[in-house]
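Protein chains: 4
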Amino acid sequence: MSQHDQPTDDAETGHLVYIDGPESVEFREYEVPSPEPNAVVTEVEQTNVCGSELHVWRGDHPLMDCVLGHEAICRISELGEKVETDSAGQPVEEGDLIAPVYFQTCQHCEFCRRGEFYRCANDYEYAGESPDVWPHFHAPWGTHYYVHSTQNFYKLPEELEETPGVAAAANCALSQVMFGLNETGIEYGDTVVVQGAGGLGLNATAYANERGAETIVIEGVDTRLERAEEFGADHTIDFREYDTVEARAERVRELTDGSGADVAVEVAGVPEAFDEGIELLRTGGRYLEMGNVRPGHDIDFDPGKLVRKSIDVTTAVEYDPWVLYDALEFLANTKDKYPYENLLDAEYPLRDVETALEESENREVTRATLVPQGN
Amino acid sequence: MSQHDQPTDDAETGHLVYIDGPESVEFREYEVPSPEPNAVVTEVEQTNVCGSELHVWRGDHPLMDCVLGHEAICRISELGEKVETDSAGQPVEEGDLIAPVYFQTCQHCEFCRRGEFYRCANDYEYAGESPDVWPHFHAPWGTHYYVHSTQNFYKLPEELEETPGVAAAANCALSQVMFGLNETGIEYGDTVVVQGAGGLGLNATAYANERGAETIVIEGVDTRLERAEEFGADHTIDFREYDTVEARAERVRELTDGSGADVAVEVAGVPEAFDEGIELLRTGGRYLEMGNVRPGHDIDFDPGKLVRKSIDVTTAVEYDPWVLYDALEFLANTKDKYPYENLLDAEYPLRDVETALEESENREVTRATLVPQGN
Amino acid sequence: MSQHDQPTDDAETGHLVYIDGPESVEFREYEVPSPEPNAVVTEVEQTNVCGSELHVWRGDHPLMDCVLGHEAICRISELGEKVETDSAGQPVEEGDLIAPVYFQTCQHCEFCRRGEFYRCANDYEYAGESPDVWPHFHAPWGTHYYVHSTQNFYKLPEELEETPGVAAAANCALSQVMFGLNETGIEYGDTVVVQGAGGLGLNATAYANERGAETIVIEGVDTRLERAEEFGADHTIDFREYDTVEARAERVRELTDGSGADVAVEVAGVPEAFDEGIELLRTGGRYLEMGNVRPGHDIDFDPGKLVRKSIDVTTAVEYDPWVLYDALEFLANTKDKYPYENLLDAEYPLRDVETALEESENREVTRATLVPQGN
Amino acid sequence: MSQHDQPTDDAETGHLVYIDGPESVEFREYEVPSPEPNAVVTEVEQTNVCGSELHVWRGDHPLMDCVLGHEAICRISELGEKVETDSAGQPVEEGDLIAPVYFQTCQHCEFCRRGEFYRCANDYEYAGESPDVWPHFHAPWGTHYYVHSTQNFYKLPEELEETPGVAAAANCALSQVMFGLNETGIEYGDTVVVQGAGGLGLNATAYANERGAETIVIEGVDTRLERAEEFGADHTIDFREYDTVEARAERVRELTDGSGADVAVEVAGVPEAFDEGIELLRTGGRYLEMGNVRPGHDIDFDPGKLVRKSIDVTTAVEYDPWVLYDALEFLANTKDKYPYENLLDAEYPLRDVETALEESENREVTRATLVPQGN
């Protein structure tokens, strides 16, 4: 893996988006690598601007001196030796569209070795590398993307081939909420309250809905409240109207015969939402805390409330990589039911990446996507 | 159940300990009831003074105008119609020693109806009644105790018949920690750190040890540190020596190849211990919060730490009633290995109950037990 | 429970269908009982002729000298003392339509006592009684039905009030397959092969479909193959066309990228189907055996095949009673998607019960239903 | 992995045991390889003659033209690049004793990719290779053994360093039964009946015993019955005395208050034992079928019995590789309690491998071990 390709005169090259400091993005050109055994080289079909790219761009994130991007759909351009199928055993060939897991599962850390892939200790070993290091295309904001032998990837279902944008976020938000909700043991007939209707929240609402849950979404922005309904919310609670924790908890109890929700999902990313979630649950409820991904903000919290109400809390950052296969199936099954395509509201060629970043940062667009091959 | 027995001249009577206000305990005499179908009338063999009785005695607890007691071993004096076995299907007859679950599982609330017995909404329906209400003997501080048809009870294993005191706390502390540790999915080879070496902590240590875990106990009292070792602690951490959260967390990491514990158990009953527990765990660890049973005390808490470390939290108050059967088996198997009898350090006849309460409150004794039949 | 009501001149009476020998059915009239505490007296709205009633009628079943029926929707006519909600905590009052679990969970046997309700040792204690024993109306083929305090029951969701027939089989086939499929750990994206498209098979297909599985149904009758598609089968295999085990197994592999199914469900009720199911599964697959409810027929079977393919087998007769609540929610959610009403193709007043039995036995009707109140 | 070492004059060489046909074993000498990144080269400390080697030797097994052996303890002689810890994160260095998993988990097949490691489709990719293919030392019957980057390995616990023989079978029988029994959900207080007291059976008995189960072992050989007791059997059933299935089932019921066992473990390797196991279980029991590893023998079997008794069946061939870590901890904890060292009754230098095979085949020894470095 440390082997370096020798640049040659007639080698094919590609471009990628490199960031070396806050708001300092540049295009770089590198030779397109040949894949090692079990690896795959791809051309990037579509890749989104997610919140974490904005964090890096602002300098509000430890990653720097690296390639940007993680949500993507790619087209196989060269298969490494031994690669005959995707990670689910489906035959693949050059030209196929695939969704890659955006992090590796190294297979050598103590977590991978005991099957806790979602906790791989070396998940960003490649993604955080400088593009000067072979194979250069470490992240998908570029014309090419290198999928390592330690990354799961899945063929795009036929039903999605014409609309790859529907699946461009499958390897991030959707896989994440599917993994998390599965961990809560979500059952048919559960009532699930979703705190926040951003990308994670909408995907969580659709998935909970398809698993047979009754869904309640709490939000305070009109467009997001509307979208929540489009993504299957049975009820919404506008927190401008229900403007205290107690009012929202009371509203949830009204909607649940006085009990409270079976499952709550924190995807607001606000530390105080954690405490609120406990109030929304029934005795014996299960809580999925996903939104507060970065430590550093204390809240007032009473552990006795957890015990008194017999609450179980589970958490999720990243996911077991095979969940992405299920996520793609989910999209294929439900693409006509939920307006996934509306989640992306602006498309840019790769060269306009700075515009995409600026317009996203200024909230002129909700969710931008880059189309490198249209370049 | 609402039927009242008619007092008759030659009816057998018994005594019980009634509390009607802070430190106001009195003996009362009532006719011994006959059991309804599926119920059992018992004579109390041994019944302990647990922390919750002290809370009630001090007036620091909502229960009042009721009979005291919950930990007990009893002897069957009359079997109700249809009762041929205990709740595990073992044949029973008059004269047998049994351990009753101290709360009922009503079978009619929404929790019982979906098998979540440990959350029965009517758990104290009988235990909190005035003794003036038939069948009077609602709790085990008395000569008799009435085991309702909705209470599980189990025959004392033969191995414990000579030393019923070993099992007198089985229906409280031991069943509680077995239920809770089972909920964490404790596995052979896990490292379990126990925060606090009181009754719950010692039982948790012994059970974790027998399940094949490596155990670490954190305490600050010499006698409890010694006892922790007697109950199977592989390592102890004296928090007078390791006097900061960081020092204790570092010590746990030293004992676990740098990782942190797989499982932590909060049985200190101190709100701040909840936050400390998160620090003691490895990434991907599981936390059992049991000690903070009463809400009302806020701590500073950072929900982002839960997510960053992929921690799952589970909680336990009460237990699925069949766990008591396993608890008795556990004691029968391990009674020669751990000094359960040393947990009780003073024995009183029932008439000396006030002395027992006062000496327990003043910490002249660690754990007192009442022997009503020795009266 | 053994108390007998005293017949009085002006007491209300009802009728029930009593069977005392093969094809010997008679109407009997009894006083309508008053409910004990926690019990409910109902008028029967609709009750089906299921295969087991035909078995009893033919004399091909141990039950005899009893009231017939088990699938039913009933209307509450009198609530026993303490009954304020159904078994899910939903408020109920006289006049509400409910679905009762058709067996009791006694709460006293060793199985109930450890939460394994689906295995209650006394499940038919009441259902098998002679109607001469109070409260007479032990099974729902009658004008009235007595729901004991040990039977879970659930309010019919509002969405089903106009079409109770949709839910008349909820307490049998649908609850049964939901319980069984949950036991297999069915996951989003699994491929499920259903062996047989009778009532259990169609319900299993719909439920698997709603849980996000890809479904394959094997059948050999045209109308059933069509119905399988109406109930959500993604693929059907006609075993007249694929006329060997190997041909059917090969077809399943074709439909699953060569692997075989993740889950198989045996609801054909043919012993040989058990062996075939193993062939249909992928390595590591899970098998739900439900159809062969009565022992007595040996097949040739190679246990080494189970091990070689790492197959897990689970079984289901009856169900945890709270599953019926989920079943009703399932019907409310999907009643416009699957043609449940078509499963019942003939309706009879109670007095025509013999016609209903005969026409069912002669397969003139597929599934008959009785409407006692229309009498 | 395809890179070949260049033979050099002064290269170190080692020997291995090669089999090219029935009873045709020869010594071969190859250059000791250097490890690839993430791989480890070892010297073999001790390696056993297990039943599967006898099958290969007899020609009664598809493997041929390969190196023999799978149970082993090895000493690290050279660490590949990047290897700083074992698969549990414990630091390792040259000279450390380790236990390697005997099969690889390729990380690329569809089973590995979804975390079902115990079903890796390429498990024997290396183990079945000809020794002419680099790195030659594909199995542990040799002076050296090459541990691939896709094989988990674990440092021998300190407590076992002086007696590596205790752990020589950890990577086969013990890991296998621990994995299987964990799959059954074995709980404290379960009664476990073990069908057969060979290596798997004795390890299963010890593990079930340590998990708090009551154990019953069925055997028909005196020495094995004695050994079963040494390995923790609470009861043994001699099938010469209880000489029918019904007699044995009745005896199990006698030992379980009339119920039957909670868990049964088939490790007799006799197809008929599968059917017998169903009879030994209680209603609702769980069956672990492990012994019939090779298909090809039909028995008479009634699937209706499975359903009637609500039996779940699970199976196990191989294991999730991290179970080996737990197995080593188990041995370290219990080595003074169970006489593991007695399971090996003859030790041979590597050059006497044919004697070891012959004496094992003739049952002159029960379990032979080879000590290559003593050569």
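Protein chains in written order, with our numbering: chain A, 474 to 848; chain B, 474 to 848; chain C, 474 to 848; chain D, 474 to 848.
The beta carbon of each residue, even a glycine, is placed where N, CA and C say it ideally should be.
Because the structure is a prediction, the values reported are computed rather than measured.
Count the other CB atoms within 10 Å of the CB of C/F500; is the residue buried (16 or more) or exposed (fewer)?
exposed
Which stretch, first to last residue, makes up the beta strand (DSSP E) that contains D/R548?
545-552
Is it right to say A/H611 is buried, meaning 16 or more other beta carbons lie within 10 angstroms of its own, or is it exposed?
buried
Apply the 10 Å Cβ neighbour rule to D/T520 and answer buried if 16 or more other Cβ atoms are within range, or exposed otherwise.
buried
Considering just the uninterrupted stretch of the alpha helix (DSSP H) at A/N625, what are its terminal residues?
Counting along the chain, A/N625 falls outside any alpha helix (DSSP H), and DSSP gives it neither H nor E.
Contacts around A/D707, its chain only, beta-carbon distance under 6 angstroms, and the 5 residues preceding and following it disregarded
E687, T688
List the residues of chain C whose Cβ lies closer than 8 angstroms to the Cβ of A/D716, in chain order.
Going along chain C, no residue has its Cβ under 8 angstroms from A/D716, so there is no contact; the nearest lies around 29 angstroms.
Can you check whether the CB of A/P506 is closer than 8 angstroms to the CB of A/H621?
no
Assuming D/Q624 and D/E598 make a contact with CB atoms under 8 angstroms, what is their CB distance in whole Å?
About 11 angstroms; that fails the 8 angstroms criterion.
Are there 16 or more other CB atoms within 10 angstroms of the CB of A/D735, so buried, or fewer, so exposed?
buried
Would A/L843 be called buried (16 or more neighbouring beta carbons within 10 Å of its own) or exposed?
buried
Mind checking A/A606: buried by the 16 CB within 10 Å criterion, or exposed?
Going by the sequence as given, residue 606 of chain A is Val instead of Ala. Burial call: exposed.
With a cut-off of 8 angstroms on the beta carbons, I'd call C/E509 and C/T486 a contact; round off their distance for me.
Between C/T486 and C/E509 the Cβ distance is about 19 angstroms, and since that is not below 8 angstroms, they are no contact.
Report the three-state DSSP secondary structure of B/P573 (helix, strand or coil).
strand
Considering only residues of the region 583-659 of chain B, which uninterrupted alpha helix (DSSP H) runs meet the minimum length of 4 residues and lie entirely inside it, listed in chain order?
583-586, 648-656
Closer than 6 angstroms by C-beta to A/L830: which residues in its own chain qualify, once you throw out the five before and the five after it? Chain order, please.
W530
Quick one: using the 10 Å Cβ neighbour count with 16 as the cut-off for buried, is C/D663 buried or exposed?
buried
Can you list, in chain order, the residues of its chain with a C-beta nearer than 6 angstroms to that of D/K778? Leave out the 5 residues immediately preceding and following it.
I751
Over what stretch of residues does the beta strand (DSSP E) that includes A/A800 continue unbroken?
Careful: A/A800 lies outside any beta strand (DSSP E), inside the alpha helix (DSSP H) at 796-807.
Can you give the Cα-Cα distance for C/V740 and A/T807, rounded to whole angstroms?
29 angstroms
Between the region 589-623 of chain A and chain D, which residues of the former have a C-beta closer than 8 angstroms to a C-beta of the latter?
F590, S622, T623
Sheet register partners of B/D818 (DSSP bridge):
Partner(s): none; B/D818 has no beta bridge.
What are the complete alpha helix (DSSP H) segments, minimum 4 residues, inside the region 757-787 of chain B?
776-781
How far does the beta strand (DSSP E) with D/A841 in it reach, from first residue to last?
841-843
Rounding to the nearest angstrom, what Cα-Cα distance links A/L804 and D/G705 in this structure?
53 angstroms
Residue range of the unbroken alpha helix (DSSP H) whose run includes B/D748:
744-753
Span of the beta strand (DSSP E) holding C/T515?
513-521
Listed by chain order, chain A residues near B/L787 by CB distance under 7 angstroms
Here the sequence assigns Thr to residue 787 of chain B, which means Leu is not the residue at that position. Near B/T787 (Cβ distances below 7 angstroms), the residues of chain A are D785.
In whole angstroms, what separates the C-alpha of D/A561 from that of B/L761?
24 angstroms
What residues from chain B crowd round D/Q649, counting only those whose CB sits closer than 8 angstroms?
Ordered by position in chain B, no residue passes the 8 angstroms Cβ test against D/Q649, which lies about 14 angstroms from the chain.
For B/V790, which residues in the same chain have their Cβ closer than 7 angstroms to its Cβ, ignoring the five residues on either side in sequence?
V766
Considering only residues of the same chain and omitting the five flanking positions on each side of C/T839, which have a CB-CB separation below 6 angstroms?
D818
What residues in the region 804-836 of chain B have a beta carbon less than 8 angstroms from any beta carbon of chain D?
N806
Just how far apart, CA to CA, sit A/E526 and A/A646?
14 angstroms
Can you pull the chain B neighbours of C/E687, defined as C-beta to C-beta under 8 angstroms?
Within 8 angstroms Cβ-Cβ: nothing; C/E687 doesn't reach chain B, min ~30 angstroms.
Would you identify the three-state DSSP class for D/H528, choosing helix, strand or coil?
helix
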